[in-house]
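The next block holds one structure in the form of structure tokens; read it before the comments.
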Amino acid sequence: MSAVNPRSKHLHAVLYVSGAVALFAAADALAKYLGQLYPIPFVVWARYVSQCLAMVLIFAPRLRWDLVQSENRKVHLIRGLLLWATTALFFASLNFMPLADASAIAFMSPLIVVILSRTMLGEPVSSKIWLCCFVAVLGMIAIIRPGTGSFSLAALLPAASALCYAVYQILTRTVSARDSIVVVLFLPTLVASSISTLSVPFFFHAPTATGAIALAGLGALGGGAHLMLTKALRSAPASLIASLMYSQLGWAVLLGYVVFNDLPDRIAVFGILMIGAASFYAVKDHDAVKAHD
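What follows is the structure, encoded as structure tokens:
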């Protein structure tokens, strides 16, 4: 059997991550739309319950109880709490902010991961990365503009979401070598579904037939995006995948304009570009330092 061409594997990875990025952006746009119709906790519940049920139907017949077997259950429990908080905070922010602005602030997460890697994993952080942090913060300030009429405390929601997701990613790195990819994906989804279910009696809102389809579609989009991203990570270096993920900001601007007629002004666009460029360079520099070590 002939060996697989590395360039072909990378091409497949590019296609997978491009699809994942489009699905993530579509899921965010759909979440913003649904958040205008239903309570946010109910939308979050639909997001994770539908994905959890889909994963059970797909993987349980083959894996059975292995789907929930792990020696790192406490870590997965914390990951599930963080995943739920990440989604709830970001979905809530979409009720108050344009899709592109909220997405840009949330995309500070990779930069936070690099910084937390020093604290939690003991990995080196160069002076260039600290400079990237400064640039990204300036970009966030350009978007939210404190002290002006356009400033809103709602901007803290995607920032908190980014922090939660960064810690989630750090913890994922600590368990991914010991658990299968399916278990790493399923257990936090199960935890997030369980937490969301506890809130349903207080926030349940009977959806219309169209609303039910849209709510189920939200889970399908998110699950499909994570599946594509997982396949991409098997075929190419994580640094390449991270580089391509920033195209989601372009999708966020496009969908925000087409669906919600939200178009960032010039200052906000400049801030979005600053965050994207700073985070992109920080991830690249961090990977280069690790490879050198």
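Those letters in the sequence shown? Residues 2 to 294, per the numbering used here, in order. Where a beta carbon is used, it is the ideal one built from N, C-alpha and C, also for glycine.
CA-to-CA, the gap between V114 and V168 works out to about 7 Å. Here the C-alpha atom of I106 lies approximately 8 Å from the C-alpha atom of I276. Put simply, the backbone Cα of T88 is about 21 Å away from that of S19. DSSP places H77 inside the alpha helix (DSSP H), whose first and last residues are R74 to S94. CA-to-CA, the gap between Q37 and A207 works out to about 14 Å. Burial check for T175: the Cβ neighbour count within 10 Å stays below 16, so the residue is exposed. DSSP assignment within the region 149 to 229 yields no whole beta strand (DSSP E) run of 3 residues or more. CA-CA distance, T173 to A283, rounds to 20 Å. Around the beta carbon of A143, 16 or more other beta carbons sit within 10 angstroms, so the residue counts as buried.
In this structure, DSSP gives F97 a state outside helix and strand, which the three-state scheme calls coil. Annotation for Y247: no alpha helix (DSSP H) segment contains it, and DSSP assigns it neither H nor E.
Straight through space, the alpha carbons of L35 and A61 are spaced by roughly 30 Å. In this structure, the CA atom of R146 is about 44 Å from the CA atom of R179. In the DSSP annotation of this structure, R146 is not part of any alpha helix (DSSP H), being labelled neither H nor E.
A155 and M109 do not touch by the CB rule: their CB atoms are close to 16 Å apart, not below 8 Å.
Between A253 and A101, the CB-CB gap stays under 8 Å. The distance from the Cβ of M56 to that of F187 is about 5 Å, consistent with a contact at the 8 Å cut-off. Annotation for Y49: the continuous alpha helix (DSSP H) segment containing it runs I41 to L64. In this structure, S248 is the residue among G272, S248 and S153 with its C-alpha nearest to the C-alpha of A27. Judged by DSSP in its simplified three-state form, M121 adopts helix. Non-local C-beta neighbours of V44 in its own chain, meaning closer than 8 Å and more than five positions away in sequence, comprise A32, L35, G36, F92, L216 and L219, ordered along the chain. The residues S197, T198, S200 and V201, in chain order, have a CB closer than 7 Å to that of W46 in the same chain once the five nearest residues on each side in sequence are set aside. No Cβ-Cβ contact shorter than 8 Å links I182 with T120. In the structure shown, D263 falls within a coil segment according to DSSP collapsed to helix, strand and coil.
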